[in-house]
Amino acid sequence: MKPMLANESLIAAQHVSKSFPLPEGKGEHLVLREVSLTVRSGEVVSLLGRSGSGKSTLLRIMAGLIPPSQGQVFSNGKPLRGANHDVAMVFQSFALLPWLTVQENVELGLDARGVHREERRQRALKAIDLVGLDGFESAYPKELSGGMKQRVGFARAFVLQPQVLFMDEPFSALDVLTAENLRGEIDDLWNAGTFPSQSILIVTHNIEEAVFLADRVIILGSNPGRIRGEVVIDLPRSHDRAHPHFKELVDYIYTAMTNPELKVTGAVSAKLPVSTPPVAPVSPYAQHLPHVRVGGISGLLELIVESTQGEADVYQVADRLRLTVDDLLPLLEAADLLNFAEVTQGDIKLTASGRDFATTTILRSKDLFRQQILEHVPMLVSMVQTLREKRNGSMRADFFLDLLDEHFPHEEAERQFATAVDWGRYAELFEYDASEDRIYLPESVTAVSSEEPS
Amino acid sequence: MLKRTFPSPEALRRLPFGLADVSVILGTLVLLALVARLGAGTLISFHPPDIVPSIDLNPHHLPYYAGRSTLRMFIALFCSTVFTLVYGYIAAHSRRAARVMIPLLDILQSVPVLGFLSITVTGFIALFPGSLLGLEAASVFAIFTSQVWNMTFSFYQSLRTVPNELSEAATLYQLSGWQRFTKLEVPSATIGLLWNAMMSFGGGWFFVAASEAISVLNQKYTLPGIGSYLAAAIVAEKPAALGWAALTIAIVIILVDQLFWRPLIAWSDKFRMEQSASAEAPESWVYDLLKAARIPRLMGNALTPISETTNRFLSALTRPRSTLTMDTSRQTKDDRVYTLLLLLVIGALAVWTLHFILTTVGLAEVAKTFGLGLLTFLRVTVLLIVATVIWTPVGVAIGFNPKLARLLQPVVLFLASFPANFIFPFATLFFIQTHISLNWGSIVLMALGAQWYILFNSIAGAQNIPTDLREMAADVGLKGWKRWQKLIIPGIFSSWVTGGITASGGAWNASIISEIVSWGQSTLTATGLGSYIAQATEVGDWPRITLGIAMMSLFVVGLNRLFWRQLYHLAETKYHL
Ligand SMILES: Nc1ncnc2c1ncn2[C@@H]1O[C@H](COP(=O)(O)OP(=O)(O)O)[C@@H](O)[C@H]1O
Ligand SMILES: [Mg+2]
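Residue numbers (my numbering), protein chains in the order written: chain R, 1 to 454; chain Y, 1001 to 1577.
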């Protein structure tokens, strides 16, 4: 084990908020709100959150790459201004310079610090050795496989012997096996006490990865990004995936992530309370739709019906489908929203209409889907009403986009709109003409509605 | 017998220096001698109008003249590169500077270079009295202005699109400004910059030929070079000399391509961003030779300590800045003041120009030039339509046949860089003999240079259409016009737009020398904005020169904004493959 200098704070973010200006001066988009986080020496901390929750932004603020809008970052007790010199980073896309050899890439940081040529070479060779790349010193990145490229990324960070090593989803660009292998090696290096940094802060959206590597998992909520709570991984290092408590921890975190309203206490053995229904949003256009296609929802439900008689453990489903949280969670959320399934305690259970939806014919499933939408998605109900009130039964898309813009950053508003259109089209509630950018009621409906007195 | 006098390859390999080294040394020496010989010529004294260098039409002198022109081209290329690096760097790193520099670049790109010659020639001659250097500089400047804007744009774009994570890595690892520039920014811009430089260099031959022999402000100026040889041949009515000149320029273009651009392109392949090895790396025998030779590497090794020291020194001067001191509210206020200042300056300039034009030539003249502009615009339009109708089918046929494409693409590139003004005299002769009015003939002259961009981009566009789509089209039985409508036209649209912009820009520029041509004593003139500028330049009528250039720039900028940009947007969004 590493010699622990317990509780020595290395890097601390205090009440950090960050907003980015929206394009064309349309106000600001709040990405992080009041985030406080401390990395102490000797620990591995994992930041877990769904994509878009601001993990990378937080990491970059703590690395001094971008300034916070509010709050401060302290590095070794001193407020940070400018790039944090006590930190090295491993990037998701490796960030290697393709025109430099492996060795030149690794030497980059030393060169910048003015280390002399011979010493630079010695230290780089040592780091390259440590990540198992000896023999590849003079290769160019494009000659290497993805896993080897990321090893260069690690060597480039190791050679600087930073206090804290930052990693931004370092394994997510690799295929499953390569990622598993490299993750294991990094973990071994840490457990052996020979790791070239005192602490690690790793960003991920893979729950299992977080529990496997970290001593502490910090769960980030979305929209805006904020800290929901932390889960201490009280397992002996290295964390054994077969340990029953490992599964308990993963289940707990899954439940927390699938239920954004739950309070994360970190008390794993006391089960999380069953989800309370969220307070109905004020405007129908403030409702957040999970961005999934209808085919995705029915695909998931079919799988669950076929293989598990309608009830399954979320963690197992994810594992079997090789889906990351980011892919799976929106699907679950949608199934939950449309009342096709109930998701509790890390389990998913189909409802009667969910079973029906998963097994019936396409025409009937459209009916079912429409029914559920009209019952549970006020935004689409409101859109249909608006169209009906118009004499020609049609409306410019901008109209709805503007309504969404009031509740979401523009980019998100566009995605909301796209999802709504996808769902509405499938349910045959309305049609959408992309070239004219208009939404209109299908022919039969217009005929019916014109007969109705309104 | 002969064989024994040469050592075997094995023996050569045993020598400290290989055959490759010998050729590298010889090549370097020849190059140095050439530059020295050509450079000496520029220092000849010159006192217009009495002492003006004369041109000897004997073809033996052609290599020398061609060498002089080539030297000019390379000096201009060097200046363009330096300018590009500085201007692009500043624009990419200062948001405020960019707000002036980028629109300015956009406008400068649209200004007809040839219309400027009058201003620059007088200026540079005044700068270097009693020496040819003034003319030399004016010619170099003309070439410079014809190629630099493209290069600068490309460099600026590359700097702006350096992958975010790479840039963050550079910041986090505390690269100094200098290290960032040499290790990250210039390398990531190299490929785009080189291609642009190569294309612009090709276009530059046209301007070197046009700028060596000009009459400005009732003065005839001649600068020894292949362009002035051409001009002399036209005055002397010697078709044979014209033929020799065309042949020489063709050889020079091929030589420069083989000895300079190919090796550079082959070398630059290592700067490609894609993280995987490329299937088809560009090849060059000169580059292979340089790589095989030991001398460059030995010299490189010997120079390492020096470059290390230099780098360290420059790095110390450009320490990484702390990036985190930004007060957003202050900034927006300063920005507003800045915007106001800019608007004031622009307004003052506009008023001044208007005042100048109104007090000198009057509104009627403005209306007249506008009418002339419309005529030239009509010519450019006809040219684009005809070139499109003729060359896109040819280009698509070539593009769909990979073997043919590989064979013909360098040929088309060569044709694009072959200066059209070397063909002009032949065309002029033809027009005179067949009594074709230059009002129509000038369209052909303008097309001589511009059409190749359409062809080249059609080929590229057709190559970009995925084979799957073509097979699908055959499978569902798309034929003839339907096939064009559904598959080919949408497929090549964005490439065609790129080609169209380039061709139209080139045609406007060429109009200045295409709308007025001569053979011996006879001169043909077309009615248009190009001939208006050319005539004003010849007599040194400043107000009319200004008005003509301004009107032409207005046309080009307007067309770019109103027409090409729309098409570009359409290509980017709807027809993106
Ligand atoms: N430079 C930026 N400008 C504007 N918006 C940004 C910028 N960087 C990130 N964002 C926005 O911030 C949000 C969080 O992004 P990010 O930190 O990358 O999330 P994560 O890493 O958790 O996926 C996203 O909605 C993204 O669009
Ligand atoms: Mg991220």
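C-beta atoms are modelled at their ideal positions from N, C-alpha and C, and glycine is treated no differently. All figures in this text were calculated on a predicted structure; none of them were measured in a lab.
Query: Among the residues of its own chain, which have a CB less than 8 Å from the CB of alanine 1447 of chain Y, if the five just before and after it don't count?; Result: Leu1383, Val1386, Ala1387 and Ala1507
Query: Does any residue of chain R have a CB that is nearer than 8 Å to the CB of arginine 1312 of chain Y?; Result: yes
Query: Verify whether the separation of the beta carbon atoms of phenylalanine 94 of chain R and alanine 12 of chain R is less than 8 Å.; Result: no
Query: Return the bridge partner residues of valine 90 of chain R from the DSSP annotation.; Result: R/Met167
Query: Using only the heavy atoms of ligand 2, determine whether one of them is closer than 7 Å to the beta carbon of aspartate 326 of chain R.; Result: no
Query: Starting from proline 457 of chain R, follow the beta strand (DSSP E) in both directions and report where the run begins and ends.; Result: Outside the shown range of chain R, which is 1 to 454, sits residue 457 of chain R, and nothing can be said about it.
Query: Assuming methionine 395 of chain R is part of the beta strand (DSSP E), what are its boundary residues?; Result: 394 to 396
Query: In this structure, does DSSP put isoleucine 304 of chain R in helix, strand or coil?; Result: helix
Query: Could you please give me the residues that DSSP links to arginine 40 of chain R through a beta bridge?; Result: R/Ser9
Query: Less than 7 Å separating the Cβ of glutamate 412 of chain R from some heavy atom of ligand 2?; Result: no
Query: According to DSSP, simplified to helix, strand and coil, what is glutamate 406 of chain R?; Result: coil
Query: What residues of chain Y sit near glycine 132 of chain R, judged by a beta carbon separation below 8 Å?; Result: Under the 8 Å cutoff, chain Y gives no residues; its nearest Cβ is about 20 Å from glycine 132 of chain R.
Query: Look up proline 79 of chain R in the DSSP assignment and give the residues it is bridged to.; Result: R/Phe74
Query: Going by beta-carbon coordinates alone, are threonine 1084 of chain Y and threonine 1028 of chain Y separated by less than 8 Å?; Result: no
Query: Note down, in chain order, all residues in the segment 92 to 105 of chain R with a beta-carbon under 8 Å from any beta-carbon belonging to chain Y.; Result: Gln92, Ser93, Phe94, Ala95, Leu96, Leu97, Pro98, Trp99 and Leu100
Query: Do you know whose CA, among R/Thr204, R/Gln161 and R/Asn223, lies nearest threonine 194 of chain R's CA?; Result: R/Gln161
Query: Please output, in chain order, the residues near ligand 1 using a CB cut-off of less than 5 Å to any non-hydrogen atom of the ligand.; Result: R/Phe20, R/Val31, R/Ser51, R/Gly52, R/Ser53, R/Gly54, R/Lys55, R/Ser56 and R/Thr57
Query: Cβ atoms of serine 199 of chain R and serine 41 of chain R: under 8 Å apart, would you say?; Result: yes
Query: Under 7 Å from any heavy atom of ligand 2, does the C-beta of glutamate 209 of chain R make it?; Result: no
Query: Is the separation between the beta-carbon of leucine 337 of chain R and that of proline 290 of chain R shorter than 8 Å?; Result: yes
Query: State the DSSP-derived secondary structure class of phenylalanine 1426 of chain Y, mapped to helix, strand or coil.; Result: helix
Query: Where in the segment 1389 to 1465 of chain Y do unbroken runs of the alpha helix (DSSP H), each at least 4 residues long, occur, reported from the N-terminal end onward?; Result: 1402 to 1417, 1424 to 1434 and 1438 to 1464
Query: On the three-state DSSP scale, how would you describe glycine 455 of chain R?; Result: The shown model of chain R, from 1 to 454, leaves out residue 455 of chain R, and the question about it has no answer.
Query: Along the beta strand (DSSP E) that carries isoleucine 219 of chain R, what are the first and last residues, could you check?; Result: 216 to 221
Query: Which residue wins for smallest C-alpha separation from threonine 1081 of chain Y, given the options Y/Leu1194, Y/Thr1318, Y/Thr1360 and Y/Glu1365?; Result: Y/Leu1194
Query: Return yes when the Cβ of glutamate 311 of chain R is within less than 8 Å of the Cβ of lysine 349 of chain R, no when it is not.; Result: yes
Query: Looking at the C-beta of methionine 1273 of chain Y, does it have a partner C-beta in chain R at a distance below 8 Å?; Result: yes
Query: If we call anything under 8 Å between Cβ atoms a contact, is isoleucine 218 of chain R one with isoleucine 227 of chain R?; Result: yes
Query: I'd like the span of the alpha helix (DSSP H) that includes isoleucine 1191 of chain Y, first residue to last.; Result: 1186 to 1212
Query: Identify the continuous alpha helix (DSSP H) that holds valine 1497 of chain Y and give its terminal residues.; Result: 1489 to 1514
Query: Taking 7 Å as the line, does the beta carbon of glutamate 169 of chain R fall inside it for any heavy atom of ligand 2?; Result: yes
Query: Please state the DSSP three-state secondary structure of serine 275 of chain R.; Result: Note that serine 275 of chain R scores a pLDDT of 48, beneath 50, so its modelled location is shaky and nothing firm can be said.
Query: Which residue comes first and which comes last in the alpha helix (DSSP H) that contains glycine 1041 of chain Y?; Result: 1019 to 1041
Query: If leucine 65 of chain R sits next to lysine 149 of chain R, beta carbons under 8 Å apart, how far is it from one beta carbon to the other, in whole angstroms?; Result: That pair is no contact at about 21 Å.
Query: What residues in the segment 1124 to 1158 of chain Y have a beta carbon less than 8 Å from any beta carbon of chain R?; Result: none
Query: So what's valine 426 of chain R in DSSP terms, helix, strand or just coil?; Result: The question names valine, but residue 426 of chain R is tyrosine in the sequence shown. Looking at tyrosine 426 of chain R - three-state DSSP - the assignment turns out to be helix.
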